[in-house]
Amino acid sequence: MVAWKLKETMDGHGVTRYALQKDTGIAMNTIRAMYDAETQRPDLALLDRVIHGLRRLTGKDLGLEDVLRFTPGETREG
């Protein structure tokens, strides 16, 4: 199963939703939905912007594994 890990990463690095929104220009409603793990089908361009924003804001070499988590053997209903 693939699940969001954005909240964990942002909170762990002290990045606010507001800071990510300002840095990336992504709509606050979109960031809120990803942060709250409500977004089911993010597009690649959006993920790219989020990762680059997190890297700029934290100064860390963050990647996709810091935004999404894959757990083998589990599936999501729907």
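Under UniProt numbering, the sequence shown has 40 at position 40, and the numbering climbs by one with no breaks. Backbone N, C-alpha and C define an ideal beta-carbon position, used for all residues, glycine too.
Please state whether DSSP places residue i in a helix, a strand or coil.
i	result
V2	strand
A19	helix
T30	helix
T71	coil
The beta strand (DSSP E) with residue i in it runs from where to where?
i	result
L64	From DSSP, L64 is part of no beta strand (DSSP E); its letter is neither H nor E.
Would you give the residue range spanned by the alpha helix (DSSP H) that residue i belongs to?
i	result
A37	Unbroken run through A37: none, as it is neither H nor E.
V50	L44 to T58
I think residue i touches residue j, with their Cβ atoms under 8 Å apart; what is that distance to the nearest whole Å?
i	j	result
A3	A33	Wrong, their Cβ atoms sit about 14 Å apart, outside the cutoff.
K5	D66	7 Å
D11	G53	The Cβ separation is near 15 Å, so there is no contact.
Would residue i and residue j be called neighbours here (beta carbons separated by less than 8 Å)?
i	j	result
L57	L20	yes
L62	T16	no
With a threshold of 8 Å, are at least 3 pairs of Cβ atoms found where one atom belongs to the region 68–75 and the other to the region 14–31?
no
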